[in-house]
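Sequential numbering from 10 applies to the sequence shown in the numbering used here.
All C-beta atoms, glycine included, are put in the ideal place defined by N, C-alpha and C.
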Amino acid sequence: MYRFFYWLVLQRLPAEGTHKVSFAALRAMVQVPGVASLMQRWLGPSDAKLRVKAFGRELPGPLGLAAGFDKDAKGVRGLLALGFGFVEVGTVTAEAQPGNPKPRLFRLPKDRALINRMGFNNEGATAAARRLERRPDGTVGVNIGKTKRVAEADALADFTASATTLAPLADYLVVNVSSPNTPGLRDLQAVDKLRPLLAAVRAACDTASPMRRVPLLVKIAPDLADADIDAVAELALELG
Numbered sequence: 010m011y012r013f014f015y016w017l018v019l020q021r022l023p024a025e026g027t028h029k030v031s032f033a034a035l036r037a038m039v040q041v042p043g044v045a046s047l048m049q050r051w052l053g054p055s056d057a058k059l060r061v062k063a064f065g066r067e068l069p070g071p072l073g074l075a076a077g078f079d080k081d082a083k084g085v086r087g088l089l090a091l092g093f094g095f096v097e098v099g100t101v102t103a104e105a106q107p108g109n110p111k112p113r114l115f116r117l118p119k120d121r122a123l124i125n126r127m128g129f130n131n132e133g134a135t136a137a138a139r140r141l142e143r144r145p146d147g148t149v150g151v152n153i154g155k156t157k158r159v160a161e162a163d164a165l166a167d168f169t170a171s172a173t174t175l176a177p178l179a180d181y182l183v184v185n186v187s188s189p190n191t192p193g194l195r196d197l198q199a200v201d202k203l204r205p206l207l208a209a210v211r212a213a214c215d216t217a218s219p220m221r222r223v224p225l226l227v228k229i230a231p232d233l234a235d236a237d238i239d240a241v242a243e244l245a246l247e248l249g
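Right, here's the structure in full:
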C-alpha cells in the first residue's frame with residue numbers, strides 16, 4: 010500500500026512537499042481517539058529483550074528517530090506511536106528562521122538517499138517549548154543549533170538561550186555543531202572552542218533544571234579525524 014501511494018502521489022511532489030504531506034497525515038491520524046495507542050501496540054517493540062538503558066531511562070527499543078524529521082516538535086505523539094524507542098526533535102535554534110532558499114532537499118533514488126540543505130529551518134525555541142509542554146509519555150530529546158544570523162563570537166549566548174528554554178522539557182539535549190549549512194558552525198567542533206560552549210550549555214541546563222541533570226550530548230561531523238573525535242568524546246564525557 011505504501012509503495013502504491015508513493016509511486017502514485019508522493020514521488021510526483023518535491024521531496025520537501027512529500028515530507029510535509031506524510032508528516033501532516035501522521036499527525037492527523039493520531040488525533041483520532043485510540044489510534045495512537047493502537048499503533049504503538051502494533052508497531053512498538055514487543056520483545057522485552059529489546060529494552061535498553063540510556064540517558065538514565067529505559068527505552069522500549071534501541072531504534073530511535075534522529076533530529077531533522079520533526080524540527081518543531083509538532084508530531085512527537087505520532088512518531089512515538091510508530092514504535093520508536095525515542096524521538097529527537099530539532100534542530101531548534103534560539104530564534105525562528107526560514108532556512109535556506111528552496112529547493113533544498115533532493116532525492117537520490119538510485120542511492121535510496123536524500124541531500125539535505127535545509128539550513129535549520131524552524132520556528133524557534135519558544136515555539137518548540139510550548140509544544141513540548143504538552144508532549145506524551147516517551148523519551149524525547151531536543152537537538153539545538155546556532156541561529157544563522159548570530160556571529161560565531163555570540164554563539165555561546167545563542168546556544169545557552171535555547172538550552173535555558175528547552176532543557177526542562179527534554180529527556181536529553183544535543184548540541185549540534187556538525188551542520189555544513191550554517192556558516193561557521195563546524196568551527197565550533199575544535200576542542201578549544203567547544204569546551205567553553207559545552208560548559209556554558211551545561212551550566213544553563215543545570216540552572217534551568219535544578220532538580221534533574223539533563224544528559225548533554227554533542228553531534229559532530231562524520232569526517233573529523235580520529236584524534237579529534239577522541240578529544241571531543243572525552244570532553245563530552247566530562248561535561249555531559
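- When DSSP states are grouped into helix, strand and coil, E97 belongs to the strand group.
- The C-alpha of Q20 is placed about 10 Å away from the C-alpha of F13.
- Look at G150 here: in three-state DSSP terms it is strand.
- A direct Cα-to-Cα measurement between L203 and S187 gives close to 12 Å.
- Taking C-beta atoms as the reference points, P205 and L165 count as a pair closer than 8 Å.
- The DSSP-derived three-state label of Q40 is coil.
- With fewer than 16 other beta carbons inside 10 angstroms of its own, I124 counts as exposed.
- Judged by DSSP secondary structure, V159 falls outside any alpha helix (DSSP H); it is assigned neither H nor E.
- When the beta-carbon positions are compared, V151 and V101 come within less than 8 Å of each other.
- DSSP places K62 in the strand class (E or B) of the three-state scheme.
- Taking a cut-off of 8 Å for Cβ pairs, the segment 60 to 79 and the segment 91 to 100 touch, as three or more such pairs fall below it.
- Taking all protein chains shown into account, F115 has fewer than 16 neighbouring C-beta atoms within 10 Å of its C-beta and is therefore exposed.
- Counting the other Cβ atoms within 10 Å of the Cβ of T216 gives fewer than 16, which makes it exposed.
- In the three-state reduction of the DSSP assignment, I229 falls in the coil class, being assigned neither a helical nor a strand state.
- With contacts defined by Cβ atoms closer than 8 Å, K155 and D167 form a contacting pair.
- In the three-state DSSP reduction, R116 falls in the strand class (E or B).
- Counting C-beta atoms within 10 angstroms of its own C-beta, A90 has 16 or more neighbours from the protein chains shown and is therefore classed as buried.
- One thing to note: C214 has its Cβ within 8 Å of the Cβ of L182.
- Setting aside the 5 residues that flank it on each side, A208 is surrounded in the same chain by L248, each with a C-beta closer than 7 Å to its C-beta; the list follows chain order.
- CA-CA distance, D120 to D163, rounds to 39 Å.
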